[in-house]
Each structure stands twice: as structure tokens, then as C-alpha cells.
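Chains A and B supply the protein sequences, listed in that same order.
Mapped onto this note's numbering, the consecutive letters of the first sequence carry residue numbers 1244 to 1356.
Mapped onto this note's numbering, the consecutive letters of the second sequence carry residue numbers -6 to 586.
By construction, the Cβ of each residue, glycine as well, lies at the ideal position given by its N, Cα and C atoms.
Below you'll find the structure, written out as C-alpha cells, and then a few comments.
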Amino acid sequence: MPTPVFLGEFEQFVLLALLQVAGELHEGAPVQPLRERLEKLAARKVSRGALYRTLDRLEDKGWVAWSVDAEDVPERGGYPRRRFKVTPDGIAVLRASRDTLLGLWSGLKEVLG
Amino acid sequence: MRAGDEDASPSGTGREGPPQLLTRVLASALPDDPRGRSILGDLAEEWHERPAGLRRTTWYLFEVLGLTTRYLFVRRRLFGVRSGTHMTFDALLGDLRHATRLFRKRPVFTFAAVAALALGIGANTAIFSVVDAVLLRPLPFPDADRLVSIVQQWPQGTVNIASPSEFEFVRRYTTTVRDLAAFRPAPMNYTGGGEPVQIHAQEVTADFFRLFGLRTILGRSFSPREDTPGAGRFAILSKRMWQERLHADPSIVGKSISIGGDPYTVVGVLDDFSFEDLGGTPDVIVPLQIDPSTDDAGGYLEVAARLTPGVTLAQASAAVRSSTEAYKSQFPKALPAEDYFDVVSMGDGLVAKDARESLYVLLGAVALVLLIACANVANLLLAHATGRRRELAIRAALGGSRGRIVRQLLSESILLALAGGGLGCVLGAVGIHLLLAVDTAGLPRVGAQGARVTMDWRVLAFTLGVSLLTAILFGLFPSLNAARTDLSATFNEGSVRAGSGTRHSRARGLFVVTETSLAVVLLVGSGLLIRTLVALGDVDPGFDAHGVLVLTTTGRRFTTAAAEAQVIRDATHRVEAVPGVEKAGTTCCVPLD
């Protein structure tokens, strides 16, 4: 049996929101719309530092990748913009997490309604 | 904030970017790769999306502080935790959470510590916010650090006045300064809108506008010809005056308005500007028409200029000082032998030396108050640590290193200091405004009732810095002391008092001695201050001011002195006729005003 991979709640939120935003844009998602979507979905304030840190961690695990554009946008002061997307490994982890959760939820309809 | 502080763009795009200093602080904490640089870009992008103002700067400050702290902990591993990059910040958060729970369990201790710190930090914030407004905030003019005032040095000190002859002399013979402008406030009555209304006017020479970077939205500024005697009556309106009293008439330039009953030709309307630092923003500016060959030695003008490019303040000062002798030989009776002209930076010229010194003395005094608060809280923490010796010993027995325990205790100090700093910031802001609303003590640049003393990013950064410094001051010694746990002695209850108890009491004794010494210094200082104030109050001014009321009025309608004298006599008789009035008199200047 393979070692199970655990996905934290916030990590899961970030991956799902990233899939949504990147899907709508048809390209990698910048940080700001990702943060706005997360705040909307999670109905709570998401600190910039926590989001960067989670994205770094997801990248370390190979579940998120990014590319760079916008070196010459004046509003960004000439600094690059990163666009994030979920890697195939990230999608596999999300599927595994969904299966685990569905297994845990199953048979509890009488209790939870 | 100076415009130069706000462009963080490495490519020099010229657009107004986030405060450069803060961006540099954050950049030093971020990794120097696309990951780090993209974070700077994200912040810059959001900066441009937000409305300009203090709220945007405060937002940026807090974002930078949060990210800097987070990335410093991640990269530098400040507190020596080696169990993984991301564990470091988690461990700090864990320490802070533990500290919060601990403080909730001991509300009395927490209240006492936070209250002591809030008072100390609040007093410092309050005084620093005044120092910031009076001494540190740059003047709201372009290239303000090159602006200078021409002053007179008397044996008693520096006075920020000059005479017309002195102005003309310096203008003619000095090359170390340029754009020399003389000005003086001139209360006038606007008589073009029915009832006369007193307005704030300023008489200025032609270079005034270039010196202070004032722009017109209609018409032009004064030409050199218009500030010569007999050139006529001209006026430039402030935007507010133009909008409120002249209904923003777009064809006002060239028209005549009535001031003091005389017709003045409007030559321009100024864009928004602030002259609050120099005595108040005028509604109307009229030419100060000085005769170039005047020998008028009366000191009633303010004269300012800009240093010529490449000339330092010291060089300009030396040149103007040395010109005094030539002036004295041309105008032998104008200046006493020991007086001379000088040049000071405009910021220095606005604040009298004794006011500047008083502010620094006050800042020193409140720093002593903060030191006393620190000693107090350190004592409280020592007492607190005595009760926690068993808990700390258990942590040490379970493998907690000394560094780890010191970090935990320091986190508690930082949390206390930040709570004290936050509360102190509020107390300081409220306290100083209440105090200045009662009396601004004649301080320049603070505005009416201290309205211009505000909590800008400099004050917030000062308070944060003071809070963190305070945390180290009062927290480090008790932390190191408590972490030096003797396990066997602590678990053996009989020997608890004998070992570290003595050490604790010695340390607490030291803090008490420090507190008492500082308190004595403060007490003696404040006693002397009160004695000075009492002595000042006892000085006999030579007149009895009890029950005396002052009525100020202006008038410029008279063509002959006799007509003016008649009006003054009539007004005086009518005031005397008011029931309850014993005597009435007239003067140009109220004594000691």
C-alpha cells in the first residue's frame, strides 16, 4: 500500500482555487486573483505572507509550478509577475484527497443528514 | 512624504511608486531571485490600485512588516531552530499562542505590565509625534532642504526678521543664494462682496512664487515690475478665495476686486498650496513694493532664498555674515555693533532654538519614564518567572534547550511590548491632542489646537521600534535568568529558595535601585521645571492684565492720517460707552503678544 499523502486544509483550498482561476484565465493564475478567490471561497481574510508560504511549500512538494511574465509593466515597477498552475502530481494528490474524504463521509448520511 | 521617497521602480519609470525605504527593507529580507522580486511586483501593483493617501502608506507599512518578519524568520532562522525552514515561523507562532494563553490565565499581571508599558510608550509616542511635526517633517515645498532664511544674530539669539534695506542689500551683493524673496502677513478687508470680511493676505516680492514652487491655474505670478513702488495694485487669489468669494469666475484675470476699499487688478489664481508652516495660507497675495534705494532699517520682513547650486549652507552663511560689515558702513545706524546677518536652513529658522531644545529635553524625560516602566515590568517578569520555575524545569528536562526557553520567554516579552505599544499609540495620540487642544505652548508647525500633529508612518515606525527595543530591554535579563534553571534544585523543593531565589532577589534589588535612581532624576528635573514656571508667573510685566479685553481690527480705507485718527477716537468712545467698560485705549501692538 503506498504511503498516503496528507493535504492540509489550506493547501487544499489553494490548489482548488488555483485550478478554478487558471481554468477561467486559460493560463497560469497570478497571486492577486488567486488570493481574492480564496477569500471568497473560504469566507475569511487570507494574509499575503500565508499564501506565499503555502505556494512555496506546494512548489517544494512538486504540486504547483510557476512561470514568469510582465517584466516591463510600469505598475509593477519593472518586477516580474509569477503565474501559478497545478502540476499533474498536484491534481493526483487532490483526487486522492477527495477519495479519502468521500470514503470518510460515506455511510454517515443518517447522522449528518 | 517627499515625492523622491516614492519610486521603487528599478527601471526608473518615473511613476509614483511605493515608499522606497520600505521597499528596500522588504527586498533585503526576500530571496534575490524571481520569487522574491515577484513579491515586490505584486505589492507595487496593488499599491497603484489603491487610492493615494496615508491609508495606502499605512497598508504598505504593515504588508512590508508582515512579509519582512516572515521571510527573515524563514531565511535567517533567527532563533536557531534547525528542524526545517517552515518550522521556524510555526515555532514562533506557537510561542506567541502559548504566551497569549499564559497571559489570559494571569489577567492581573498582564494588565499591570501592559498598563505600565502603554504609559511609557504612549508618553514617548506623544512627544515624538510633536517632534516629528515640528522638527522632522519636511517643508511642503520643492527641494525644501535647499531653502534658507536670512536672519539676524543678536547676542540674545537668532531672530527670523530682516529689514527692507537688508533685503535689497543681500539681493544686490550676494551670489550664494538665489530666488531671494521677502514677505510678510498683511491682514486686509475684502470689500467686494457687500459686508467687509477680514481676509488673510500676504505681501510678497516677485521671486516668492519661484522660490516656493507655487503654480497658477489662471493668469500668472507677479512680474519684477509689479513689485516696485507706484506700479499699481495687483492681486493673486488663492484657489479657495477664488471659488468661495468669486464663484470660480473663469474670466477673473484682468478684472478688479475691492480690498480695503481700493481696486486691485487680479493677475492670477494659484493652485492649491499650503503655507501653514509659515504663518498660515493666505487668501490673497499682493506685491510687496520695496524701493531698491530704501534705507528703511525696520525689521518687519521675513526673507527666504534658495542656496545657489553647488553652494553649501556653511559657505552661504560665511558669505552673508561677511557682507554685514559692508552693510553697516552703508547704513551706519541700521544695526548695533554686535549684530550681524546670517543664513540658516528654513526648517531651523522656523523653530526657535529654545523650543527645539525643550522638545529634545522632553523626549529625554519621557525616555526616562519608559526606562522606569521597563524596570518595573522586568521586576514583574522576574516575580512571574519564580512561579513558573517548575514549568521551565520540566521543559528543560524534556529536552528544551536554553536557547529555546529564552526564545519562548522573549516571545512573551515581545507580545507584552506590542500590546503595550498598540495601547500606548492610542493613548499617545489621544493624550497629545487633548493637551495641544488646551495649549500649543506657542510651538510652530503644529497647527491650530495641534491639528497638524498626526500619526504618520514615521511615528508608527518609531512606536514599533520603541516597543521592540522595550521588549528586549525588559525581557532579556529575566529570560536569561529564568532559563538558567537548576533542574535538581528546582525539583528538590527544599532547595528552591536557597539557590536561584537569592539570585532573583539580587536582580530585583538592582531593578528597584535603577527605578529609584531614574525616578529621582525625573523628580528633580520636573521640580526645577515647575519652579521655573512659577518664577516666570511671578515676573511683574509692569501692567495689570486682569479684566483687560483685546479687540483687533484692520482698516485700509484712509487716505489721510487725520481720518484714520478720527475713526479710532470715535471707536474708542463707543467702546467706553458700553456698560461695564471702565476704560478703553488703542495701540498698534499688544504688550508681550
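With distances taken between CA atoms, D284(B) lies nearest to S156(B) out of L427(B), S156(B) and S406(B). Residue burial is scored here from C-beta neighbours: H377(B) has at least 16 other C-beta atoms within 10 angstroms and is therefore classed as buried. In the displayed model, L1351(A) falls within coil according to three-state DSSP, outside both helix and strand. Going by DSSP, W450(B) is part of the alpha helix (DSSP H) stretching over W450 to A476.
Between the region 426 to 437 of chain B and the region 100 to 110 of chain B there are fewer than three C-beta pairs closer than 8 Å, too few to call the two in contact. A direct Cα-Cα distance of roughly 10 Å separates T16(B) from L58(B). Taking 9 Å as the upper bound on Cβ-Cβ separation, chain A lies near residues P27, R28, R30, S31, I32, L33, G34, D35, L36, A37, E38, E39, W40, H41, E42, E56, G59 and L60 of the region 27 to 60 of chain B. Under the Cβ distance rule, R63(B) counts among the residues neighbouring chain A, one pair being separated by less than 8 Å. Under the 8 Å Cβ criterion, the region 350 to 368 of chain B does not count as touching the region 447 to 457 of chain B, having fewer than three qualifying pairs.
When only Cα atoms are considered, L511(B) and L361(B) end up about 7 Å apart. In the DSSP secondary-structure assignment, T209(B) is bridged to L263(B).
The beta-carbon of Q1263(A) is placed no less than 8 Å from the nearest beta-carbon of chain B. Listed by position along chain B, the residues whose Cβ is nearer than 9 Å to that of G1292(A) are E56, G59, L60, T62, R63, Y64 and F82. Spatial neighbours of A22(B) in its own chain (CB-CB distance under 6 Å, excluding positions within 5 residues in sequence) are listed in chain order as T61, Y64 and L65. L54(B) is the residue among I407(B), L54(B), S31(B) and R28(B) whose C-alpha sits nearest the C-alpha of P11(B). In the pairwise beta carbon analysis, the region 141 to 150 of chain B is classified as not touching the region 385 to 402 of chain B: fewer than three pairs are separated by under 8 Å.
DSSP places N153(B) in the coil class of the three-state scheme, outside both helix and strand. The C-beta of G1251(A) comes no closer than 8 Å to any C-beta of chain B.
Within the region 1310 to 1330 of chain A, the residues whose Cβ lies closer than 8 Å to any Cβ of chain B are, in chain order, V1311, A1313, D1315, V1316, P1317, E1318, R1319, G1320, G1321, Y1322, P1323, R1324 and R1325. Contacts with chain A at 8 Å (Cβ-Cβ) do not include G87(B). For the C-beta of G10(B), the chain A residues within less than 8 Å are, from N- to C-terminus, G1320.
Cβ neighbours of P135(B) within its own chain (closer than 6 Å, five residues either side excluded): G206. Using a Cβ-Cβ cut-off of 8 Å, R1287(A) is close to nothing in chain B; its nearest Cβ partner there is about 16 Å away. By the CB criterion at 8 Å, V260(B) and I250(B) fall outside the cutoff.
For G421(B), the number of other beta carbons within 10 angstroms of its own is at least 16, and it is reported as buried. At least 8 Å separates the beta-carbon of A410(B) from that of G113(B). Chain B places no beta carbon closer than 8 Å to that of R1280(A), leaving this residue out of the contacts. For V431(B), the enclosing alpha helix (DSSP H) starts and ends at R395 to V431. Nearest Cα to L1277(A) within the set L1355(A), E1353(A) and L1261(A): L1261(A). Counting only the Cα atoms, G87(B) lies some 53 Å from G273(B). V1274(A) belongs to the set of residues whose beta carbon lies under 8 Å from a beta carbon in chain B.
Between L352(B) and V514(B), the C-beta spacing is not below 8 Å.
Residue burial is scored here from C-beta neighbours: L542(B) has fewer than 16 other C-beta atoms within 10 angstroms and is therefore classed as exposed.
In the DSSP annotation of this structure, the continuous segment of the beta strand (DSSP E) that includes A1308(A) starts and ends at V1307 to D1312. In terms of Cα proximity to F1327(A), the closest of D1299(A), V1316(A), A1335(A) and K1352(A) is D1299(A). One thing to note: L343(B) has its Cβ no nearer than 8 Å to the Cβ of P256(B).
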